[in-house]
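Heads up, the thing below is written out as structure tokens.
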Amino acid sequence: MKSGKAVGPDDIPVEVWKCLGEAAVEFLASLFNRVLESERMPEEWRRSVLVPIFKNKGDVQSCSNYRGIKLMSHTMKLWERVVEARLRKVVEICEQQYGFMPRKSTTDAIFALRILMEKYRDGQRELHCVFVDLEKAYDRVPREELWYCMRKSGIAGKYVRVVQDMYERSRTVVRCAVGQTEEFNVEVGLHQGSALSPFLFAIVMDQLSEEVRQESPWTMMFAVDIVICSESREQVEENLERWRFALERRGMKVSRSKTEYMCVNEREGSGTVRLQGEEVKKVEEFKYLGSTVQSNGECGKKVKKRVQAGWNGWRKVSGVLCDQKISARIKGKVYRTVVRPAMLYGLETVSLRKRQESELEVAELKMLRVCPMGQILTPILVSGEHVFLRATKLYTEVKPSFIPVMSRLSKEHSS
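In the numbering used here, the protein residues as written are 14 to 428.
So this is what it looks like as structure tokens:
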């Protein structure tokens, strides 16, 4: 568990256990064994603080544009990680699930979708994709449904009861700018901010979609983000209805306003997709897991948005990059940590033209040379040890990362 995280109601940060070293290991092992044997955790762990975090989109005065994150006991989070490690040993999640799975990432899901789109575009065939959005997915998971899915996945009854105890009598307060609310009970949904919740949600989605996945094999899931693909509009509409029925009959809800439809290599008059008689919004581009996917298969807009994301990151740390008192080594470390990852995200999944590579490099040169008041930083167009970042060209970092992505997907396909 990383340091510097906000603490829960007990005010005990994880740094305490790290500083105690072996003594902490012995104490926590004894504590966790007692919790496992008794199937009862300390009452203090049941309390949490709910903090609303703005999603950086939409109206700031609308509650639906905020995500509630629970600040929980760090010691409980360590216990959750122990339980998660044991559950992962006995539970097998389907290959279509990319979210919070070992050796899988957003890049794998983005790359798989792009490869599928390119195959159909090269063959001059239509590919119909529906991007399904679930409303308040974590908050809507029925507790009884969670216990059922855990048992069906082959988890021992003792560990089901241990997880049940984590959710029994859970209480929270909401912290906002004007203060805190009174404490109240939480009786539905998963804990946002919990170390165990992502895997529990993956178990629920795996069980809820078990039957419908077999009828729509070209489906990719990343936690709450679902992509349904098919060769015909009628088939993708039928598959969408199957998914809606499978999810909503068990307590989940498909968002009608945020679910969108896109057709790759579209011919004239391909029509629209409907969900329960309501027309699904048709788009020419969609932001999938932070990466812009276009119906024409181009990546020009994606590169422009990556450049924009790089500039946004640069502005956040411009005070450091433009400070002459800070060494070039520190500036380079900050730049490679904040700015470059924002510019490179998802680019290993696309084939860039020379013009687009040049566009990225030109943007980087501007970032490294220009600071807010029109002043000029030390030029980077020098050789050897005097290079400002002592780094290779931007795009040379993208090409090597393409290889492990292809390798992982090839192994999954062959297995």
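In this text, a Cβ means the ideal position worked out from N, Cα and C, and glycines have one as well.
Coarse secondary structure for residue i, derived from DSSP in three states
{"i": "P211", "result": "helix"}
{"i": "Y79", "result": "strand"}
{"i": "V201", "result": "coil"}
{"i": "C32", "result": "helix"}
{"i": "I343", "result": "helix"}
{"i": "M163", "result": "helix"}
{"i": "V330", "result": "coil"}
{"i": "I239", "result": "strand"}
{"i": "I123", "result": "helix"}
{"i": "E254", "result": "helix"}
{"i": "S229", "result": "coil"}
{"i": "D146", "result": "strand"}
{"i": "Y172", "result": "helix"}
{"i": "L140", "result": "strand"}
{"i": "L365", "result": "coil"}
{"i": "V267", "result": "strand"}
Proximity winner among the options, relative to residue i (alpha-carbon distances)
{"i": "V316", "options": "A376, F258, E281 and G345", "result": "A376"}
{"i": "N325", "options": "K344, E297 and P354", "result": "P354"}
{"i": "E181", "options": "V240, V267 and P55", "result": "P55"}
{"i": "K294", "options": "I106, M14, V95 and E250", "result": "E250"}
{"i": "L213", "options": "V20, R287 and E97", "result": "E97"}
{"i": "S364", "options": "K300, G313, K149 and R47", "result": "G313"}
{"i": "Q369", "options": "K379, R382, R319 and V347", "result": "R319"}
{"i": "V296", "options": "D178, V27, S308 and V347", "result": "S308"}
{"i": "L260", "options": "V145, G71, R53 and W30", "result": "V145"}
{"i": "A150", "options": "M89, G202, E108 and E35", "result": "G202"}
{"i": "S229", "options": "S243, M218, D238 and I239", "result": "S243"}
{"i": "E291", "options": "Y274, M234, K344 and E298", "result": "Y274"}
{"i": "G21", "options": "F45, R257, S340 and K90", "result": "K90"}
{"i": "S245", "options": "W231, V237 and M265", "result": "W231"}
Cβ-based burial, residue i [other Cβ within 10 Å; buried from 16]
{"i": "R127", "result": "buried"}
{"i": "A13", "result": "Lying before the first or after the last residue shown, residue 13 is absent from the chain, which here runs from 14 to 428."}
{"i": "A190", "result": "exposed"}
{"i": "Q110", "result": "buried"}
{"i": "R226", "result": "buried"}
{"i": "G136", "result": "exposed"}
{"i": "E457", "result": "With the chain represented from 14 up to 428, any question about residue 457 goes unanswered, as that position is not in the structure."}
{"i": "L147", "result": "buried"}
{"i": "T112", "result": "The sequence given here has Gly at residue 112, not Thr. By the 10 Å Cβ count, G112 comes out buried."}
{"i": "S210", "result": "buried"}
{"i": "I106", "result": "buried"}
Any non-hydrogen atom of the ligand SAM within 6 Å of residue i CB
{"i": "C189", "result": "In the structure on display, the ligand SAM does not appear, and there are no ligands present to speak of."}
In DSSP terms, what residue i is bridged to
{"i": "R188", "result": "Q193"}
{"i": "I25", "result": "Paired residues: none, contrary to the question."}
{"i": "T305", "result": "K300"}
{"i": "S61", "result": "T185"}
{"i": "R287", "result": "E292"}
{"i": "E273", "result": "F144 and K294"}
{"i": "Q110", "result": "M234"}
{"i": "L84", "result": "V62"}
query: Should the region 78-86 be regarded as contacting the region 188-208, the criterion being three or more beta carbon pairs within less than 8 Å?
result: Cβ pair count under 8 Å is three or more, so yes.
Validate contact between the region 322-336 and the region 154-170 using beta carbons, cut 8 Å, 3 pairs: Touching, no, given that fewer than three Cβ pairs across the two stretches are closer than 8 Å.
query: Can you find at least 3 beta carbon pairs, one from the region 153-165 and one from the region 269-278, that sit closer than 8 Å?
result: The region 153-165 vs the region 269-278: no contact.
Touching by the beta-carbon criterion (3+ pairs, under 8 Å), the region 115-132 and the region 207-224: Three or more beta-carbon pairs separated by less than 8 Å are not found between the region 115-132 and the region 207-224, which leaves the two stretches without contact.
Segment contact, 8 Å Cβ cut-off, at least three pairs: the region 49-68 with the region 185-201: Verdict: yes, contact present.
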